[in-house]
Structure formats: C-alpha cells, structure tokens
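For the sequence shown, numbering that gives the first Met the number 0 assigns the number 0 to the initial residue and increments by one for each residue that follows.
Every residue gets a Cβ at the ideal spot worked out from N, C-alpha and C, and that includes glycine.
As the structure is a computational prediction, the values presented were derived from the model and not from experiment.
Shown next, in structure tokens, is the structure this report addresses.
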Amino acid sequence: MIARQAELRREIREHDWKADSLGEAAAQAGLAEVGAALEANGQTLVGIVAQRGQMAAVVVRRGSARLIRLGDAAAAAEAARRLNADLDTLAGRRLPARLETVIKESIRHQAGTLTAEVIVPLRSWLGDDDAVGTMTAYHRLLAAGIRPAEALARATAAERFSPFVCFGGG
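So this is what it looks like as structure tokens:
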C-alpha cells in the first residue's frame, strides 16, 4: 500500500509540471521554438547533466543543439562543495590571518578545478557569451580574494551582463 502511494505521488509530480492552472496539459515547445526564442533575444541555453561520472552540457544556440563533453562530475561536485564551505567560512567573519590565507588558497584551487572541469570545455563552444564570460570573471575575482557578492557585481558589470541564472546542486 505504501509503495503504491509513493508510486502515485511520483507520477503526479511528473505530470504536474506539464499542467497549467486548469489542470490540462500545456503544450511543450520543441527545439526549433526554443532555439528561435533564444536567437531572437541573443541568448544561449546551457544545461549540465552528469552520467556515469562524466558531465556533459546541452547547449542550444543559433538554432542548433550540441552535446559537449565536460570534465569529471565527482571532481566538479567535490570542488563545488568545498568552495561553498570555504565561502561560508569567510562570510562575515574575522579569522586569524593564517587561517584566512589557507581558506583563500583553497578557494583559488576549488575555483580553478571548477573552471577546468566546466568553464574551459564550454568556452570554445560559446565564445564570449555572457554566462561563460561572467562566470569566468567571477571565478577569477573569487580566486583573487574578492568576496562573492562583490565579485559577482564586478563580473556582471565587466562582461556587459545580460540576465542568466546559475543553478547549483545541493
């Protein structure tokens, strides 16, 4: 009985995202529609997936879609966890100078790992698109010891920022 309830809840969740406010299935946009909308706004869509320890990016731009191999999923996930922990440790705290130096070096290392595993492989396919340029600038500023909010503000200003969203796993 419990297993059946769990299965039904899962099915409802899977179908719920397709439903509009009246409970009817909403039409889904195809690749051509998505590509045209992105192109009209000068935007690129990047979705990152992981499977069997490897990451790949699905990139939709200029009317086409590509699958781009990225780096190691475990290495990137671990670097992201460590980077978040380091940034949390520095946030709003006055730490002993030696400890702060060690944490800032760790931030540089983790940002470098993320850049190598994710940003560098994308850069050749995306060129100077805003998201890649902004995140590269952001990681460079973090590595230089700039606090996260200030780094993001500087990076977006320097890269002729157009809105984008960066999602992270928790």
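Tell me which residue opens and which closes the alpha helix (DSSP H) that Arg80 is part of. Where Arg80 is concerned, the enclosing alpha helix (DSSP H) stretches over Ala72 to Leu89.
By the three-class DSSP mapping on this structure, what secondary structure does Gln4 have? helix
Ile47 versus Ser63, Arg139, Asp71 and Gly41, residue with shortest Cα-Cα distance: Asp71
Just the C-alpha distance for Leu121 and Leu44, rounded to the nearest angstrom, thanks. If you draw a straight line from the Cα of Leu121 to the Cα of Leu44, it comes to about 12 Å.
Is it a yes or a no for the segment 46-62 touching the segment 29-37, going by three-plus beta-carbon pairs under 8 Å? Judged by Cβ distances under 8 Å, the segment 46-62 makes contact with the segment 29-37, as three or more pairs qualify.
Output the boundary residues of the beta strand (DSSP E) element that contains Leu44. Leu44 to Gln50
Just how far apart, CA to CA, sit Ala55 and Ala75? 12 Å
Within the same chain, show all residues whose beta-carbon is closer than 8 Å to that of Leu94, passing over the 5 residues directly before and after it, in chain order. The answer, listed in chain order, is Thr88 and Ile102.
Would you tell me roughly how many angstroms separate the C-alpha atoms of Arg3 and Gly29, rounded to the nearest one? 33 Å
Could you tell me which of Glu10, Ala152 and Arg146 sits nearest to Leu86, measuring between CA atoms? Arg146
Taking 6 Å as the limit between beta carbons, can you name the residues of its chain near Gly168, skipping five residues before and five after? Confidence at Gly168 is low in this model, with a pLDDT of 39, below 50, so the placement of that residue is unreliable and no value is reported for it.
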